Amino acid sequence: MDQSEILLKVDHLKMHFPIYGGIFKHQIGKVYAVDDVSFSIEAGRTLGLVGESGCGKTTLGRSIIRLYEPTGGKVFFKGKNILEMSRKKLLKLRPDIQMIFQDPFESLNARHTIGDILAEPFIIHKHVSFLERSQKVKKLLSQVGLPKDALNRFPHEFSGGQRQRIGIARAIALKPKIIICDEPVSALDVSIQSQIINLLLELQQNMQLTCLFIAHDLAVVKHVSDHIAVMYLGKIVEYARAEALYQNPRHPYTQALINAIPVPDPCQARKKKILAGDVPSPANPPTGCSFHTRCERATAICKTKEPSLKIIDPDKDNLHQAACHYL
């Protein structure tokens with residue numbers, strides 16, 4: 033597959049959840065979980081999506097594959113709009129787009145053995161015979177570094193890292209084109225995180241996978257991503273090549289996130305830039321720039337006019353974009 037080919041394109045995607053109240057439970061408001069998000073991912077590349085908890089990262093990932101039905105926008109996979117597909121056409125597309133969930137225990141059926149869990153994708157999509165299915169399940173265990181005797185065991189018999197390996201095995205079973213990784217290491221011990229990250233990188237190289245990597249740990253995202261999108265309160269506020277973002281963050285929110293990354297040298301002094309206030313409620317987002325309630329640069333225009341995501345540092349291989357009136 034051509035590396036320059038756009039495999040996934042998200043165009044003005046919105047996911048608003050209704051709020052119901054009153055005696056008759058009528059709609060009294062909305063939660064603007066994802067609000068007008070656009071980006072694209074080239075085949076074989078990884079886009080890292082970062083932001084604080086509650087900013088809409090997981091909702092965005094689930095909306096892309098229609099675990100949630102988006103309120104508006106378009107999602108193109110290989111040029112075809114996923115959001116316009118019937119359930120029958122969407123089922124045929126499922127093998128190409130898979131997801132690794134944040135909590136490996138909650139995402140696995142506790143009543144099924146690992147063999148049954150890994151065989152399920154082949155049964156649903158009717159890809160292979162019983163004998164071939166058994167062989168493929170054993171191969172999956174080997175690919176993710178688990179012993180063959182895991183087949184007859186249940187999820188509760190494994191550690192968190194092993195359960196995440198099972199989740200990864202299930203995601204790659206049908207040889208997908210793209211995988212959405214929803215904070216796949218955030219629930220794991222630090223000592224295990226690097227093993228899972230290395231496994232994902234190895235699988236990506238061997239299977240030519242395209243990834244949307246969702247996380248709040250910027251150090252991890254830098255290690256795995258080609259490009260990074262920074263999300264705040266349902267919107268993307270900065271987008272850039274990974275190295276460019278870390279070396280020269282332009283949006284005040286991105287600067288604060290990167291400044292919060294711990295420095296490994298305890299003797300190295302650094303002036304910390306601590307954000308004031310709390311993240312506003314997505315049910316009642318601020319007018320104008322959504323970040324103005326916590327931004328030290330904010331002026332009158334920030335409170336009334338929403339900044340658009342614009343190119344600020346064009347060069348040969350990167351379009352650095354940020355949404356700020358003062359860039």
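Per the working numbering: the sequence shown ends with 359, consecutive numbering throughout.
In this text, a Cβ means the ideal position worked out from N, Cα and C, and glycines have one as well.
Owing to the predicted nature of the structure, the values given are computational and were not obtained by experimental measurement.
Assess contact between the region 41–51 and the region 105–120, defined as three or more Cβ pairs (one per stretch) separated by less than 8 Å. Is contact present?
Contact between the region 41–51 and the region 105–120 is present, because at least three Cβ pairs lie under 8 Å.
Inter-residue spacing [alpha-carbon to alpha-carbon] between I229 and L178:
Spanning the two alpha carbons is a distance of roughly 16 Å.
Tell me whether L99 is buried or exposed, calling it buried when 16 or more other Cβ atoms sit within 10 Å of its Cβ.
Its Cβ having fewer than 16 others within 10 Å, L99 is exposed.
On a CA-only basis, which of Q167, S174, N141 and L231 is nearest P187? Give me that one, please.
Nearest in C-alpha terms to P187, of all of Q167, S174, N141 and L231, is N141.
With DSSP run on the structure shown, which of helix, strand or coil describes Q130?
Of the three classes helix, strand and coil, the one that applies to Q130 here is strand, per DSSP.
4 or more residues per run - each alpha helix (DSSP H) lying fully within the region 241–278:
Qualifying alpha helix (DSSP H) stretches, in chain order: 250–256.
Return helix, strand or coil for S118, following the three-state DSSP convention.
DSSP, reduced to helix, strand and coil, places S118 outside both helices and strands of the structure shown, so it counts as coil.
Could you name the residues that DSSP lists as bridge partners for I228?
Note: I228 sits in no beta bridge, so no partner.
Using the three-state DSSP reduction, which class does H58 fall into: helix, strand or coil?
Assignment of H58 by DSSP, reduced to helix, strand and coil, places it in the strand class.
Between F245 and T145, what straight-line distance do the alpha-carbon atoms span, to the nearest angstrom?
The alpha-carbon atoms of F245 and T145 are separated by roughly 28 Å.
Would T319 pass as a contact of T336 if the rule is Cβ separation under 8 Å?
Taking 8 Å as the cut-off, the Cβ atoms of T319 and T336 count as close.
DSSP three-state label for G88, please.
Of the three classes helix, strand and coil, the one that applies to G88 here is coil, per DSSP.
In three-state DSSP terms, what is C356?
Three-state DSSP puts C356 in coil, outside helix and strand.
Express the C-alpha separation of E275 and L122 in angstroms, rounding to a whole number.
Between L122 and E275, the alpha-carbon positions lie close to 36 Å from each other.
Jot down the residue ranges of each uninterrupted alpha helix (DSSP H) in the region 64–109, minimum 4 residues, whole runs only, in chain order.
Every alpha helix (DSSP H) stretch that sits fully inside the region 64–109 and reaches 4 residues is listed by chain position as 89–96.
C-alpha gap between H352 and I73, whole angstroms:
Straight-line spacing of the CA atoms in H352 and I73 works out to 15 Å.
When the Cα of D249 is compared with those of E234, K57 and A219, which residue comes out closest?
Of E234, K57 and A219, the residue nearest in Cα terms is A219.
Does the count of Cβ pairs from the region 257–276 and the region 223–238 closer than 8 Å reach three?
Touching, no.
Count the other CB atoms within 10 Å of the CB of H259; is the residue buried (16 or more) or exposed (fewer)?
Under this definition H259 is a buried residue.
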